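Okay, so here's the structure we're looking at.
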Amino acid sequence: MTVNRKANIKILFALTLVHFTGDFYSSFISPLYPLFIQKMGLSLTQIGVISGINLLLAFIVQPSVGYLADRYATRNFILLGVLMPVVFIPLSGITTGFWMLLTVVMLGSFGSAMFHPSVTGMVPVYSGDKAGLGMSIFNTGGTLAFGLGPLFITWYAERFGMNAMPLTIIFGLIVVWYLYVIVPVPQSEGLRTLGFLGSVRESMGKVWKAVVCIWAVMVLRAIIGQSFTTFIPVLFVRKGYSILSAGVILSLFTVAGSVSGLIAGHVSDRIGYKPVFIFTYALMAPVLILFLRLQGSWVYFGAVFAGAMILATMPLGVAMAQILAPRGRSMVASLMMGFAVGLGGAVSPVVGKLADLYSIHSVLIGVSFLPLLALPLIAAFPRVK
Numbered sequence: 068m069t070v071n072r073k074a075n076i077k078i079l080f081a082l083t084l085v086h087f088t089g090d091f092y093s094s095f096i097s098p099l100y101p102l103f104i105q106k107m108g109l110s111l112t113q114i115g116v117i118s119g120i121n122l123l124l125a126f127i128v129q130p131s132v133g134y135l136a137d138r139y140a141t142r143n144f145i146l147l148g149v150l151m152p153v154v155f156i157p158l159s160g161i162t163t164g165f166w167m168l169l170t171v172v173m174l175g176s177f178g179s180a181m182f183h184p185s186v187t188g189m190v191p192v193y194s195g196d197k198a199g200l201g202m203s204i205f206n207t208g209g210t211l212a213f214g215l216g217p218l219f220i221t222w223y224a225e226r227f228g229m230n231a232m233p234l235t236i237i238f239g240l241i242v243v244w245y246l247y248v249i250v251p252v253p254q255s256e257g258l259r260t261l262g263f264l265g266s267v268r269e270s271m272g273k274v275w276k277a278v279v280c281i282w283a284v285m286v287l288r289a290i291i292g293q294s295f296t297t298f299i300p301v302l303f304v305r306k307g308y309s310i311l312s313a314g315v316i317l318s319l320f321t322v323a324g325s326v327s328g329l330i331a332g333h334v335s336d337r338i339g340y341k342p343v344f345i346f347t348y349a350l351m352a353p354v355l356i357l358f359l360r361l362q363g364s365w366v367y368f369g370a371v372f373a374g375a376m377i378l379a380t381m382p383l384g385v386a387m388a389q390i391l392a393p394r395g396r397s398m399v400a401s402l403m404m405g406f407a408v409g410l411g412g413a414v415s416p417v418v419g420k421l422a423d424l425y426s427i428h429s430v431l432i433g434v435s436f437l438p439l440l441a442l443p444l445i446a447a448f449p450r451v452k
């Protein structure tokens with residue numbers, strides 16, 4: 068792997084744009100859950116199934132693609148991957164039942180899972196000697212997309228109707244053409260002659276215990292984050308907020324996470340990753356509980372702080388693991404993102420079922436205590452800068 072000390076801004080922007088575009092279209096689903104419930108009569112359990120299968124594909128696809136991306140230098144995973152959510156997610160607006168909705172979401176999610184390992188593995192190559200900041204900038208593309216996407220699609224659905232959603236495909240196709248021109252071919256990591264387990268052993272070696280600890284913390288973060296982003300729109304619509312207001316709350320939640328991710332990336336390059344993890348996870352539980360108890364306009368402020376806490380360390384787990392295991396950048400990225408997020412998403416149907424039995428508010432209060440379980444694991448992190 069060749070890494071220059073100076074960042075390549077043009078390529079880093081293109082990689083971030085890949086992340087933004089794919090996640091922008093993927094973000095259309097969650098804020099529209101209240102409308103899907105109204106249109107199709109879906110239960111919260113079915114909503115949890117859609118959300119869970121959506122992320123389960125990341126669990127299945129990303130490690131496989133990460134393995135192949137470290138063996139073969141090709142842009143196919145990136146370009147086809149970003150094209151699929153651009154095409155299939157907008158079709159959800161014209162679906163008429165649970166199974167049709169689930170199918171288009173699965174196809175879009177499959178594509179999203181394809182591009183993430185390859186493009187994430189390329190970020191350290193073009194970030195120079197600021198891996199934490201570079202990964203945070205790249206991650207900002209995704210979190211900003213999940214912030215602006217709900218705001219855009221809730222406005223669009225109210226203004227033009229859900230049947231007009233397929234027209235948004237046009238904008239995505241223009242961006243994909245630009246990416247086809249700009250995005251370079253990824254570098255091979257020289258693992259082509261090794262099998263799957265051999266690639267894992269070669270890329271991780273003696274650091275596997277530290278990588279597993281980071282991965283476990285990322286799984287807990289995924290459970291917390293997915294539970295909140297899935298059920299926040301439904302919770303606040305049931306509390307009397309409009310669908311657009313619920314979209315604004317979700318947007319503030321994720322945009323705040325993109326800003327906090329940039330700050331966390333900059334700070335981690337100076338003082339290391341471990342102190343940043345300890346700070347955010349120690350504060351996360353009280354901030355989330357406070358957010359759920361706020362009322363009126365204070366909810367919008369609570370969404371900012373809650374999103375900032377949950378999403379701040381998302382890029383740091385990836386960057387930290389890639390520093391520990393530099394030869395398997397795509398594989399490690401898939402473990403920290405797809406594999407971890409997929410396992411976290413597998414809990415969504417359980418969260419949805421509990422919400423049907425009790426209430427969304429009560430279940431999210433319980434989820435808010437999960438960050439405390441991560442603190443012993445973070446204490447075992449190696450000190451990495």
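Numbering-wise (my numbering), the sequence shown opens with residue 68 and increments by one. All residues carry an ideal CB built from backbone N, CA and C; glycine is no exception. Note that the coordinates shown come from a computational prediction; the quantities given were computed from them, not determined experimentally.
**Study point:** Cβ-based neighbour list, residue 345, same chain, cut-off 6 Å, excluding 5 preceding and 5 following
**Key:** To locate residue 345, count along the sequence shown from 1; it is residue 278. By the criterion of a C-beta distance shorter than 6 Å, residue 345 is surrounded in its chain by 445, once the five residues flanking it on both sides are discounted.
Check your understanding: Exposed or buried, what is residue 363 when buried is set at 16 or more other beta-carbons lying within 10 Å of its beta-carbon?
Key -> As a working note, residue 363 is residue 296 in the sequence shown. When all chains shown are included, residue 363 counts as exposed.
**Study point:** Uninterrupted alpha helix (DSSP H) stretches inside the region 268-330 (no shorter than 4 residues)
**Key:** Correct list: 275-305.
Check your understanding: Got a sec? Which residues, its chain only, sit under 6 Å from residue 283 by beta carbon, not counting five neighbours each side?
Key -> As a working mapping, residue 283 is identified with position 216 in the sequence shown. Result list for residue 283: 444, in chain order.
Point to revise | Nearest-angstrom Cα separation, counted from residue 73 out to residue 116 | key: Taking the first residue of the sequence shown as 1, we reach residue 116 at position 49. Taking the first residue of the sequence shown as 1, we reach residue 73 at position 6. If I take the Cα positions, the gap works out to 44 Å.
Check your understanding: Do you know offhand how far residue 181's Cα is from residue 425's?
Key -> As a first step, residue 181 must be located in the sequence shown, where it is residue number 114. As a first step, residue 425 must be located in the sequence shown, where it is residue number 358. Looking at the two C-alpha atoms, the distance is approximately 36 Å.
Review point. Just checking, does the region 147-157 make contact with the region 79-99 on the three C-beta pairs under 8 Å criterion?
Key: Yes, the region 147-157 is in contact with the region 79-99.
Review point. Is there contact between the region 347-363 and the region 157-176, where contact requires at least three CB pairs shorter than 8 Å?
Key: These segments do not touch.
Review point. Near residue 288, what residues of its chain come up, given a Cβ to Cβ distance below 6 Å and the 5 sequence neighbours on each side ignored?
Key: Indexing the sequence shown from 1 puts residue 288 at position 221. Take residue 288, set aside five residues on each side of it, and no residue of its chain has a beta-carbon closer than 6 Å to its own.
Practice item. In the DSSP assignment, find the alpha helix (DSSP H) that holds residue 162 and state where it starts and stops. Key: Within the sequence shown, numbered from 1, the residue matching residue 162 stands at position 95. Boundaries cannot be given for residue 162, as no alpha helix (DSSP H) includes it and DSSP labels it neither H nor E.
Check your understanding: How many angstroms separate the CA atom of residue 123 from the CA atom of residue 131?
Key -> Counting from 1 along the sequence shown, the entry for residue 123 is found at position 56. Counting from 1 along the sequence shown, the entry for residue 131 is found at position 64. For residue 123 and residue 131, the gap between their C-alpha atoms comes out near 13 Å.
Point to revise | Within 8 Å, strictly: CB atoms of residue 319 and residue 384 | key: Taking the first residue of the sequence shown as 1, we reach residue 319 at position 252. Taking the first residue of the sequence shown as 1, we reach residue 384 at position 317. Not a contact, by the Cβ cut-off of 8 Å.
Review point. According to DSSP, is residue 223 helix, strand or coil?
Key: Taking the sequence shown and counting its residues from 1, one reaches residue 223 at position 156. Three-state result, residue 223: helix.
Point to revise | Distance between beta carbons of residue 371 and residue 294, contact taken as under 8 Å | key: By 1-based counting over the sequence shown, the position of residue 294 is 227. By 1-based counting over the sequence shown, the position of residue 371 is 304. That belief does not hold up - the Cβ atoms of residue 294 and residue 371 are roughly 18 Å apart, past 8 Å.
**Study point:** Sub-8 Å separation of residue 313 and residue 98 beta-carbons
**Key:** Locating residue 313 in the sequence shown gives position 246, where the first residue counts as 1. Locating residue 98 in the sequence shown gives position 31, where the first residue counts as 1. Taking 8 Å as the Cβ cut-off, residue 313 and residue 98 qualify as a contacting pair.
Check your understanding: How long is the line joining the alpha carbons of residue 422 and residue 414, rounded to whole angstroms?
Key -> For this step, residue 422 is matched to residue 355 along the sequence shown. For this step, residue 414 is matched to residue 347 along the sequence shown. The C-alpha of residue 422 lies about 12 Å from the C-alpha of residue 414.
**Study point:** Member of 204, 212, 230 whose CA lies at the smallest distance from the CA of residue 102
**Key:** Within the sequence shown, residue 102 is the residue found at index 35, counting from 1. Answer by Cα proximity: 230.
Review point. Taking buried to mean at least 16 other C-beta atoms within 10 Å of its own C-beta, is residue 516 buried or exposed?
Key: With the chain covering only 68 through 452, there is no way to say anything about residue 516.
Review point. For residue 362, does the three-state DSSP call read helix, strand or coil?
Key: Counting from 1 along the sequence shown, the entry for residue 362 is found at position 295. The answer is coil: DSSP assigns residue 362 none of H, G, I, E or B.
Point to revise | Rounded Cβ spacing between residue 338 and residue 316 (contact assumed at less than 8 Å) | key: Taking the sequence shown and counting its residues from 1, the one referred to as residue 338 is at position 271. Taking the sequence shown and counting its residues from 1, the one referred to as residue 316 is at position 249. Actually they are not in contact, since the Cβ atoms of residue 338 and residue 316 sit about 32 Å apart, beyond 8 Å.
**Study point:** For residue 75, the first and last residue of its enclosing alpha helix (DSSP H)
**Key:** Taking the first residue of the sequence shown as 1, we reach residue 75 at position 8. It is not in any alpha helix (DSSP H) - residue 75 carries neither H nor E in the DSSP assignment.
Point to revise | Where the alpha helix (DSSP H) through residue 233 begins and ends | key: Within the sequence shown, numbered from 1, the residue matching residue 233 stands at position 166. In the DSSP annotation of this structure, residue 233 is not part of any alpha helix (DSSP H), being labelled neither H nor E.
Review point. So, residue 188 versus residue 87, is the Cβ gap smaller than 8 Å?
Key: Residue numbering aside, residue 188 sits at position 121 when the sequence shown is read from its first letter. Residue numbering aside, residue 87 sits at position 20 when the sequence shown is read from its first letter. 8 Å or more divides the Cβ of residue 188 from the Cβ of residue 87.
Review point. From what residue to what residue does the alpha helix (DSSP H) around residue 148 run?
Key: To locate residue 148, count along the sequence shown from 1; it is residue 81. Note, residue 148: alpha helix (DSSP H), 143-155.
Practice item. Starting from residue 441, follow the alpha helix (DSSP H) in both directions and report where the run begins and ends. Key: Here the question's residue 441 lines up with position 374 in the sequence shown. Counting along the chain, the alpha helix (DSSP H) containing residue 441 begins and ends at 438-446.
Exercise for review: Put residue 93 into one of helix, strand or coil per three-state DSSP.
Suggested key: For the purposes of this step, residue 93 is identified with residue 26 of the sequence shown, where counting begins at 1. Here residue 93 sits in helix by DSSP.
Exercise for review: Identify, in the order they occur along the chain, each residue of the same chain with its Cβ nearer than 6 Å to the Cβ of residue 203, setting aside the five sequence neighbours on each side.
Suggested key: Taking the sequence shown and counting its residues from 1, one reaches residue 203 at position 136. So the list reads 328, 329, 332, 382, once near-sequence residues are dropped.
Check your understanding: How should residue 369 be labelled, buried or exposed, when 16 other C-beta atoms within 10 angstroms of its C-beta is the threshold for buried?
Key -> Along the sequence shown, one-based indexing puts residue 369 at 302. Within a 10 Å sphere around the beta-carbon of residue 369 sit 16 or more other beta-carbons, which makes this residue buried.
Point to revise | Cβ neighbour criterion (16 or more within 10 Å) applied to residue 353 | key: Within the sequence shown, numbered from 1, the residue matching residue 353 stands at position 286. Label assigned to residue 353: exposed.
Point to revise | Close-in-space but distant-in-sequence residues of the same chain around residue 177 (CB under 7 Å, 5 per side omitted) | key: Counting from one through the sequence shown, the residue named residue 177 turns up at place 110. Excluding sequence neighbours, residue 177 sits near 124, 128, 151.
Practice item. Kindly indicate which three-state DSSP category residue 380 falls into: helix, strand or coil? Key: For the purposes of this step, residue 380 is taken as residue 313 along the sequence shown, with counting starting at 1. Coil, per DSSP.
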